[in-house]
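Residue numbers (UniProt numbering): 1 to 609.
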Amino acid sequence: MCGIVGAVAQRDVAEILVEGLRRLEYRGYDSAGVAVIQNGELSRTRRLGKVQELSSALDEAPLAGGTGIAHTRWATHGEPSERNAHPHVSEGDIAVVHNGIIENHNKLREKLKGLGYVFASDTDTEVICHLVHHELKTADNLLTAVQATVKQLEGAYGTVVIDRRDSERMVVARSGSPLVIGFGLGENFVASDQLALLPVTRSFAFLEEGDVAEVTRREVNIYDVNCNPVKREVKESEVTHDAGDKGEYRHYMLKEIYEQPTAIAHTLEGRIAGGKVLDSAFGENAAEFLKDIKHVQIIACGTSYHAGMAARYWLEDWAGVSCNVEIASEFRYRKSHLFPNSLLVTISQSGETADTLAALRLAKDMGYKATLTICNSAGSSLVRESDMAYMMKAGAEIGVASTKAFTVQLAGLLMLTTAIGRHNGMSEEMQAAITQSLQSMPAKVEQALGLDDAIAELAEDFADKHHALFLGRGDQYPIAMEGALKLKEISYIHAEAYASGELKHGPLALIDADMPVIVVAPNNELLEKLKSNVEEVRARGGLMYVFADKDAEFESDDTMKVIPVPHCDEFMAPLIYTIPLQLLSYHVALIKGTDVDQPRNLAKSVTVE
Ligand code: M6R
Numbered sequence: 001m002c003g004i005v006g007a008v009a010q011r012d013v014a015e016i017l018v019e020g021l022r023r024l025e026y027r028g029y030d031s032a033g034v035a036v037i038q039n040g041e042l043s044r045t046r047r048l049g050k051v052q053e054l055s056s057a058l059d060e061a062p063l064a065g066g067t068g069i070a071h072t073r074w075a076t077h078g079e080p081s082e083r084n085a086h087p088h089v090s091e092g093d094i095a096v097v098h099n100g101i102i103e104n105h106n107k108l109r110e111k112l113k114g115l116g117y118v119f120a121s122d123t124d125t126e127v128i129c130h131l132v133h134h135e136l137k138t139a140d141n142l143l144t145a146v147q148a149t150v151k152q153l154e155g156a157y158g159t160v161v162i163d164r165r166d167s168e169r170m171v172v173a174r175s176g177s178p179l180v181i182g183f184g185l186g187e188n189f190v191a192s193d194q195l196a197l198l199p200v201t202r203s204f205a206f207l208e209e210g211d212v213a214e215v216t217r218r219e220v221n222i223y224d225v226n227c228n229p230v231k232r233e234v235k236e237s238e239v240t241h242d243a244g245d246k247g248e249y250r251h252y253m254l255k256e257i258y259e260q261p262t263a264i265a266h267t268l269e270g271r272i273a274g275g276k277v278l279d280s281a282f283g284e285n286a287a288e289f290l291k292d293i294k295h296v297q298i299i300a301c302g303t304s305y306h307a308g309m310a311a312r313y314w315l316e317d318w319a320g321v322s323c324n325v326e327i328a329s330e331f332r333y334r335k336s337h338l339f340p341n342s343l344l345v346t347i348s349q350s351g352e353t354a355d356t357l358a359a360l361r362l363a364k365d366m367g368y369k370a371t372l373t374i375c376n377s378a379g380s381s382l383v384r385e386s387d388m389a390y391m392m393k394a395g396a397e398i399g400v401a402s403t404k405a406f407t408v409q410l411a412g413l414l415m416l417t418t419a420i421g422r423h424n425g426m427s428e429e430m431q432a433a434i435t436q437s438l439q440s441m442p443a444k445v446e447q448a449l450g451l452d453d454a455i456a457e458l459a460e461d462f463a464d465k466h467h468a469l470f471l472g473r474g475d476q477y478p479i480a481m482e483g484a485l486k487l488k489e490i491s492y493i494h495a496e497a498y499a500s501g502e503l504k505h506g507p508l509a510l511i512d513a514d515m516p517v518i519v520v521a522p523n524n525e526l527l528e529k530l531k532s533n534v535e536e537v538r539a540r541g542g543l544m545y546v547f548a549d550k551d552a553e554f555e556s557d558d559t560m561k562v563i564p565v566p567h568c569d570e571f572m573a574p575l576i577y578t579i580p581l582q583l584l585s586y587h588v589a590l591i592k593g594t595d596v597d598q599p600r601n602l603a604k605s606v607t608v609e
């Protein structure tokens, strides 16, 4: 979704800002813009389309100036167009970039029109810049004007404001949309994600909800929601992956699929000893929080939700606790009941998904015994607001389609299963079997990646298909759901997943030669049941692609292509069967010629409701 970069420096900042936007491209956007203060005047360039369009425009007509802001916009209010692109400007004096949604923008718009302001866009954001302009007529300075403005805003914002008459300052405000301050030498920065600023600094402070900060070249002064001065901890960034580097790979998604053995090895590092998962994997005091847990409520969205769905089978089967899993946007608007000794687990790659964050806040008010987040982004809102955090350490994931984050989430959830299980009587043998499985995962994933060429060939069959059905049973059902989500989001093929026992309750009616059916079939206790479901499809003329264990005894014929998956134990099977499905969606998308890393209409980090 939208991205923000801002800078106050002695040198010209336009290039730094555009490079920052490039590093945020993965989030998904439709237009980009930059504004700098140049000799006491605001200069602005905006373009519909990619950051490259903006960059070319700036090559032709460069902008000079040491204070500036930039933005990539993902349309919410008003179509994607140059006039709706940020920064927005009021009376040639104030420029603003904004992430989030101002819910009372209509009311504010009417008020501002009444005061004589003329609107140049259809965005909710434009009310912010006119409001700041208006407040500055009576406020002492830009800081107090922004503080007075944000008091009038309802909704979510991460916003940065500059004033051409006060050219060495930017004021930034956060409520519901993340912002991070980057500290340089004699220059300071702001961004919606630290990745944007890695070329210029590694020292960051994350703003808290309600913070407003005044940033100059030499100083950063932060004020809390009550306008009291506060200090926010400055930390050195541990982000090691360079978002700008695809290496030898054609797409980030492919790179991230291939990074999975390393990402899984990283997530295990230092967290298993003596056949046990260490409680400290979940943060300080985790042992205290985990010890009496009898129920787990998992909340997440999209791919992260699928990881939670798989974990439910494990927590109930192996850890002996009950577990519910719910999509965050449903949980937050539903009256749910709290079970005694409940742990709330949020799962999120970005740590900033608006619905998941809102669900966490709601759950805290409900009185859960503890909250844990399984998250890939250090310093993110979910990490800061949860009692415990399992840091995934998967490295930056740039492709909009989540791949390595999913498998690392599965590994983390399997660790959580043993940690909770231990406090609920899981045997030492069982713990040792699970930890052994975890430790052999990187090598097994490597083997599964060896299917790449065979899958690339198979993908040809999908070139003219418009629909696909994915089938699985037990903890492979969520894997089928994840396979379907991957295929639809990057190849735009309509795909559905079913627990295969449900086939005869409706979806069988869809089966014909134009509906490929993808089946995940490890050799587990549900295999014979699954085989019956496969026969139901075969009898109706369906064409199947079966990813099967070599001992599962499927054979290719006219109605079925069997792709043998490396043999693996039950603990790692969901993770291993994910790999061929990721590769399948990638190769189908290549054939379809879609934008693999930034599929249409989607954003990497969904920071609005
Ligand atoms: O950052 P999160 O894990 O909270 O994001 C949740 C979903 O938006 C995300 O998994 C989405 O479904 C991906 N595009 C799937 O590939």
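Note that the Cβ used here is the ideal one computed from N, Cα and C, for glycine as well.
As the structure is a prediction and not an experimental result, all values here were calculated from the model.
Between the options, which has its C-alpha nearest residue i's C-alpha?
i	options	result
V345	S336, K369, T373, W318	T373
L339	C323, R384, A191	According to the sequence as given, residue 339 is Phe; it is not Leu. Ranking the options by Cα distance to F339, first place goes to C323.
K444	E429, P566, L503	P566
G184	Q10, D211, A145	Q10
N524	D475, K107, G308	D475
S177	A497, H587, S556, G3	G3
residue 610	P516, A509, F554	Since the displayed the chain opens at 1 and closes at 609, residue 610 lies outside it and no answer follows.
N106	R27, R384, S402, I128	I128
T607	P87, L131, G155	G155
L382	A300, V8, I420	A300
V171	L508, L136, A196, R202	L136
I181	G6, N285, L583	G6
L543	D512, D569, M572, E528	D512
L469	D558, G506, L416	G506
L21	H86, V517, E41, N39	H86
H337	A281, Q297, K151	Q297
G92	V36, G28, V51	V36
G472	I493, L503, H494	L503
M1	R23, V13, D12	R23
L179	D193, G68, P564, S56	D193
Under a three-way DSSP split, which group does residue i fall into?
i	result
C129	helix
Y157	strand
I420	helix
Y26	helix
T303	helix
N533	helix
K246	coil
V520	strand
N106	helix
H587	helix
K465	coil
F289	helix
D163	strand
L526	coil
K369	coil
P564	strand
P599	coil
K444	helix
Using the rule of at least 16 other Cβ atoms within 10 Å of the residue's Cβ for burial, across every protein chain shown, is residue i buried or exposed?
i	result
A521	buried
S532	exposed
H466	exposed
V118	exposed
T138	exposed
P199	exposed
R46	buried
Q147	buried
E284	exposed
M366	exposed
P229	exposed
S491	buried
V588	buried
Report yes or no: is there a C-beta of chain C within less than 8 Å of the C-beta of residue i?
i	result
E385	Protein chain content of the structure displayed is limited to a single chain, and chain C is not contained in it.
Would you be able to state if there are at least three C-beta pairs under 8 Å between the region 571 to 587 and the region 449 to 462?
yes
Do the region 360 to 377 and the region 330 to 344 make contact, defined as three or more Cβ pairs closer than 8 Å?
yes
Check whether the region 96 to 104 and the region 53 to 66 are in contact - that is, three or more C-beta pairs closer than 8 Å.
no
Is there contact between the region 255 to 263 and the region 388 to 402, where contact requires at least three CB pairs shorter than 8 Å?
yes
As a quick check of your reading: which residues have a C-beta less than 5 Å from at least one non-hydrogen atom of ligand 1, in chain order?
C301, G302, T303, S304, S348, Q349, S350, T353, A401, S402, V606
Using a Cβ distance threshold of 8 Å, determine whether the region 12 to 21 contacts the region 77 to 88, with at least three qualifying pairs required.
no
How do the region 413 to 423 and the region 308 to 328 stand: do at least 3 beta-carbon pairs fall below 8 Å, yes or no?
yes
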